[in-house]
Every structure is written in structure tokens, then in C-alpha cells.
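Contents: one structure, followed by commentary.
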Amino acid sequence: MSDKSVVKKSGGLGETISVIVQALLLALVIRTVLIQPFNIPSGSMRPTLLEGDYLFVSKFSYGFSKYSIPLSPNLFSGRIWGSEPLRGDVAVFRTPADTSIDYIKRVIGLPGDKVQVREGVVYINGVAVPRVKVGQINNPDVTEKPFPIDVYRETLPNGVTYDTLDLIPNGLGDNTREFTVPAGQFFMMGDNRDNSADSRFELGTVPLENFIGRANIIFFSIADKASPLEIWRWPTEMRFDRLLRSVNGTSFTPKSQ
Numbered sequence: 187m188s189d190k191s192v193v194k195k196s197g198g199l200g201e202t203i204s205v206i207v208q209a210l211l212l213a214l215v216i217r218t219v220l221i222q223p224f225n226i227p228s229g230s231m232r233p234t235l236l237e238g239d240y241l242f243v244s245k246f247s248y249g250f251s252k253y254s255i256p257l258s259p260n261l262f263s264g265r266i267w268g269s270e271p272l273r274g275d276v277a278v279f280r281t282p283a284d285t286s287i288d289y290i291k292r293v294i295g296l297p298g299d300k301v302q303v304r305e306g307v308v309y310i311n312g313v314a315v316p317r318v319k320v321g322q323i324n325n326p327d328v329t330e331k332p333f334p335i336d337v338y339r340e341t342l343p344n345g346v347t348y349d350t351l352d353l354i355p356n357g358l359g360d361n362t363r364e365f366t367v368p369a370g371q372f373f374m375m376g377d378n379r380d381n382s383a384d385s386r387f388e389l390g391t392v393p394l395e396n397f398i399g400r401a402n403i404i405f406f407s408i409a410d411k412a413s414p415l416e417i418w419r420w421p422t423e424m425r426f427d428r429l430l431r432s433v434n435g436t437s438f439t440p441k442s443q
């Protein structure tokens with residue numbers, strides 16, 4: 187009686203190439219319509235995000251535009267599917283002046299809002315955003331040279347809470363004119379209020395079309411002076427406490443002074 191449990195032989199090089207191509211296509215689909223990795227090159231979103239953080243950005247949260255689809259031809263304008271960014275979202279977008287540049291900031295003002303900063307306090311439609319000092323940090327991972335930095339916790343009208351840094355009293359962006367956010371655009375600010383090029387300055391408001399996606403989770407984090415490819419430095423340079431940390435809805439919680 188013959189055994190019909192025959193193991194199919196591997197197709198050799200051709201099958202290997204086919205598997206690689208399928209894997210690349212799957213990766214392209216995921217990167218195009220689901221998630222995309224980004225790394226943080228600057229400190230404009232400290233303390234929420236640090237240089238050397240690597241995070242996943244959800245592209246389907248806001249739908250799709252010609253900027254969120256890699257190598258997309260200019261076939262349409264605006265967005266398809268998805269929903270608009272929510273107040274408090276940490277989002278990646280293309281800058282209006284140069285759409286080859288990606289920025290990451292927090293959504294503060296929605297279409298139709300009036301936004302102003304007075305003595306470091308954000309006002310939305312004439313109402314101050316609650317801002318409470320929760321302590322200080324004195325950490326070289328936040329500044330080149332250690333010195334006390336005030337940390338404030340803000341709570342937006344929809345309940346989103348996050349921490350901001352106040353590096354310089356009466357800094358350049360601590361007092362602004364009142365901005366009216368145009369229809370279809372958003373007012374973006376960095377959490378590191380005295381070290382962020384955002385909607386208070388030349389960036390201006392950001393059209394919905396320019397959004398890439400919503401930042402979700404930090405999947406890797408290493409001191410910014412180290413390369414993630416230098417595996418031998420991981421034991422001493424990796425920030426293990428930041429791995430798998432949610433980007434939205436986290437607080438720095440420094441010790442009170």
C-alpha cells in the first residue's frame with residue numbers, strides 16, 4: 187500500500203523570488219493604507235516625543251490624500267474616506283510651504299476656531315485652556331545642558347490632557363495675535379512651546395489635505411546620538427521605558443518641586 191503523503195519540493199530560486207515579491211507588495215500595501223513608521227529628529231514635541239523615538243502613524247485615521255499615499259500621482263485633491271483630526275491629536279503632516287517636508291505637531295485649533303496665546307496660556311474662542319504647573323525637570327535628555335525647566339499640564343476643551351515645556355519665560359511665542367482658523371484647516375502647536383516652529387509662526391494653519399496620519403505608538407526609542415543600527419549600544423542607549431508607549435493621552439509626570 188503506497189504512502190500518498192508526498193512533500194512538495196521547493197521551487198528553488200523562482201519560488202524564493204516570488205515569496206520576496208509578495209512580501210514587498212504586502213509591505214507596500216500596509217505602508218500605503220494602514221501604518222507608516224516615522225522617527226523624531228527634533229525636540230519640538232518634548233516631553234511627549236523625544237529625539238530618537240520611532241513611532242507608528244495610522245494613515246487610515248484621517249483617510250487618504252495625494253500626500254499620504256507614496257508616489258501617488260496628482261489625480262485628486264482633498265481627502266477620501268476617514269475623518270477629520272480631533273483636537274489634541276498628535277499628527278504628521280506636510281508643511282504648506284514645502285510639501286516634501288513632514289512635521290509632527292498637536293492639533294490645537296479646529297476650523298472656525300479663534301486661537302491666541304497670552305502670557306503662555308492658550309485661548310480657544312476666548313476661553314483659556316486650563317494650564318497647571320506639575321513640576322520641573324532637570325534632565326540633559328531634554329536640554330543640552332541641565333537646568334530647571336517648568337512642566338505644565340494642559341487640558342483641552344474635549345478633555346485631552348498632555349504636558350508642555352516652558353523653557354523661557356515670556357518667550358517669542360508666549361504672546362500672539364488672535365488667529366482665525368480657516369475652513370478646512372487646523373492650528374498646530376508643538377508641546378515644547380519655546381522651541382517649536384508651528385502655526386504661531388511662519389508655518390501657518392495646515393490644510394486637511396496635507397495630513398499624513400495620526401501618531402499612535404512608540405515602537406522603538408534610542409538616545410538621539412546613537413543609531414538604531416548600532417545594536418551593541420542598545421543595552422545602554424535604548425529607552426526601554428518608552429517602548430510601546432501610546433503617543434496620545436500620555437503625561438510626563440515629573441516630580442513636583
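The sequence shown maps to residues 187 to 443 in the working numbering.
Think of the CB as a built atom: it goes at the ideal place given N, C-alpha and C, for glycine as much as any other residue.
| Asked | Found |
| --- | --- |
| Sorted by chain position, which residues of the same chain lie with C-beta nearer than 6 Å to Pro414's C-beta, five sequence neighbours on each side aside? | Ile408 |
| Note down the Cα distance separating Arg431 from Tyr289, rounded to an integer number of angstroms. | 20 Å |
| Straight-line CA distance for Trp468 to Ser247? | No statement about residue 468 is possible, as the shown extent of the chain runs from 187 to 443 and does not include it. |
| For Pro368, which three-state DSSP category applies? | coil |
| Please work out which residues of its chain come closer than 6 Å, Cβ to Cβ, to Asp275, disregarding the five sequence neighbours upstream and downstream, and give them in chain order. | Val293 and Arg400 |
| Using a Cβ-Cβ cut-off of 7 Å (strictly less than) and excluding sequence neighbours within five positions of Ser442, which residues of its own chain qualify? | Model confidence at Ser442 stands at a pLDDT of 36, short of 50, so the residue's coordinates are unreliable; what they give is reported in the following sentence. Cβ within range, chain order: Val320 and Gly321. |
| Tell me the rounded alpha-carbon separation between Ala383 and Pro343. | 24 Å |
| Within 10 Å of its beta-carbon, does Gly295 have 16 or more other beta-carbons around it, so buried, or fewer, so exposed? | buried |
| Whose C-alpha, out of Arg232, Arg280 and Ile221, is nearest the C-alpha of Arg339? | Arg232 |
| Alpha carbons only, please: which of Phe242, Leu389, Glu388 and Gly370 is nearest the one belonging to Glu395? | Gly370 |
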